[in-house]
Amino acid sequence: MSLDLISAARPDTAIILGSGLGSVAGALGVEAEVPFAEVPGLGASTVPGHAGRLVLCRLTGRAVLVAQGRRHLYEGLSAYEAAAGIRFMHGLGVRRVVLTNAAGAINAGFEVGGLMLITDHLNLQGTSPLLGGPHFHDMSEVYSRSWRERFQQAASGLGLKLHEGVYAALLGPQYETPAEIRMLRTLGADAVGMSTVPEAIQARALGMEVAGLSMLTNWAAGLKPQTLDHREVVAVGRQASQDLARLLKTALAS
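Throughout, the numbering used here is defined as the position within the sequence shown, counted from one, plus 136.
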């Protein structure tokens with residue numbers, strides 16, 4: 137029944153929430169929800185911090201579809217499978233999507249707990265959801281410039297610092313080594329994670345407008361003396377998700 141309600145609402149905007157960010161959906165107001173496992177083409181998430189639900193929310197009267205979590209390549213999926221949620225959303229009528237994630241900060245000018253607006257990405261995962269044919273889609277502007285401007289305006293109005301930078305996507309599930317982080321910094325990456333890029337590629341191939349936001353939940357390996365722990369990543373994401381919720385509500389309401 138919940139899936140029928142979601143389909144009937146015909147949302148044109150969707151949000152995918154990364155590790156520890158699932159509580160953002162509650163801030164938008166939940167009307168209906170359905171587990172990934174009950175959605176054709178999707179499957180249950182196996183990652184802590186990813187509830188694995190589709191949630192129908194309302195923002196200024198408009199339907200917004202929110203995915204509490206996502207599936208990743210490191211769970212044993214192909215890139216095509218990892219991007220299945222994007223194709224499902226597009227089939228419902230979604231034409232713009234906000235992709236969020238938990239990421240490690242590489243840029244020394246950033247801070248843990250802060251937000252980074254993704255301007256571009258480095259696909260270092262060695263695969264694409266478009267494999268299997270000559271799908272030569274342009275990727276000159278994966279992350280919409282006009283939408284980035286809207287998010288910056290919203291952040292300014294809220295008094296939030298919103299960094300901008302390049303997101304590097306690696307396969308995982310192990311965290312990066314200090315040498316790999318030095319390589320990524322040389323390549324121009326400002327933050328690093330294990331998701332988002334297959335979804336962004338699939339969305340652009342379908343003609344969807346894309347925005348990307350990274351919650352900087354930890355320093356990347358070798359930049360600080362601490363070791364990396366997924367539980368801490370989830371905890372920081374939960375603590376900082378209030379800022380993300382405020383930003384999304386303001387930017388998407390305009």
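Don't be surprised by glycine CBs; every beta carbon is placed ideally from N, CA and C.
On the DSSP bridge assignment, give the partners of residue i in chain order.
| i | result |
| --- | --- |
| D256 | V302 |
| A150 | L201, V233 |
| L190 | V170, A203 |
| L391 | No answer is possible for residue 391: the residues shown for the chain start at 137 and end at 390. |
| L352 | A239 |
Count the other C-beta atoms from every protein chain shown that fall within 10 angstroms of the C-beta of residue i, then say buried if there are 16 or more, exposed otherwise.
| i | result |
| --- | --- |
| E312 | buried |
| H271 | exposed |
| A347 | buried |
| S385 | As written in the sequence, residue 385 is Lys, which differs from the Ser given in the question. Buried, by the Cβ-count rule. |
| G154 | buried |
| R207 | buried |
| S264 | buried |
| P334 | buried |
| R198 | exposed |
| H273 | exposed |
| R338 | It should be noted that the sequence gives Gln, not Arg, for residue 338. It counts as buried. |
Please determine, among the options, the residue with the shortest C-alpha to C-alpha distance to residue i.
| i | options | result |
| --- | --- | --- |
| M344 | L141, P176, V200, V230 | V230 |
| G179 | A219, C193, R194, T263 | A219 |
| Q310 | A325, L209, Q378 | L209 |
| M330 | E217, A168, E169, L260 | L260 |
| L201 | A238, G162, G177, Y216 | G162 |
| V278 | L258, F172, L192 | L258 |
| I222 | V175, A356, G262, L380 | V175 |
| L157 | L388, Q378, A389, A387 | Q378 |
| I317 | S282, L296, L307, A357 | A357 |
| G205 | A238, G227, L195 | A238 |
| V304 | T322, L298, A291 | What sits at residue 304 in the sequence shown is Ala, not Val. Of the candidates T322, L298, A291, the one whose C-alpha sits nearest the C-alpha of A304 is T322. |
| E211 | G308, A291, L141 | G308 |
| L380 | Q362, L294, M225 | L294 |
| A315 | A144, L388, L195, L359 | L359 |
| L320 | L139, S292, G301, A389 | G301 |
| L213 | G177, G227, E247 | G177 |
| R382 | L228, L164, L139 | L164 |
| G268 | S282, S280, M275, A215 | A215 |
| A341 | V160, L141, L266, D256 | L266 |
> Which residue spans inside the region 274 to 349 form an unbroken beta strand (DSSP E) run of at least 3?
Replying inline: Listed in chain order, they are 298 to 305, 327 to 329.
> Could you give the uninterrupted runs of the beta strand (DSSP E) lying entirely in the region 202 to 253, keeping only those of 3 residues or more?
Replying inline: Qualifying beta strand (DSSP E) stretches, in chain order: 232 to 241.
>> Check whether the region 229 to 246 and the region 149 to 165 touch, using three or more Cβ-Cβ pairs below 8 Å as the test.
In response: Taking a cut-off of 8 Å on C-beta distances, the region 229 to 246 touches the region 149 to 165, as three or more cross pairs fall below it.
> Does the region 249 to 268 come within contact of the region 347 to 361, defined as at least 3 CB pairs closer than 8 Å?
Replying inline: When C-beta atoms of the region 249 to 268 are compared with those of the region 347 to 361, three or more pairs fall below 8 Å, so the two segments count as touching.
> Can we say the region 318 to 332 touches the region 239 to 246, given the rule of at least three CB pairs closer than 8 Å?
Replying inline: Yes, the region 318 to 332 touches the region 239 to 246.
> Three or more beta-carbon pairs under 8 Å between the region 163 to 175 and the region 190 to 197, yes or no?
Replying inline: Counting Cβ pairs under 8 Å, three or more are found: they touch.
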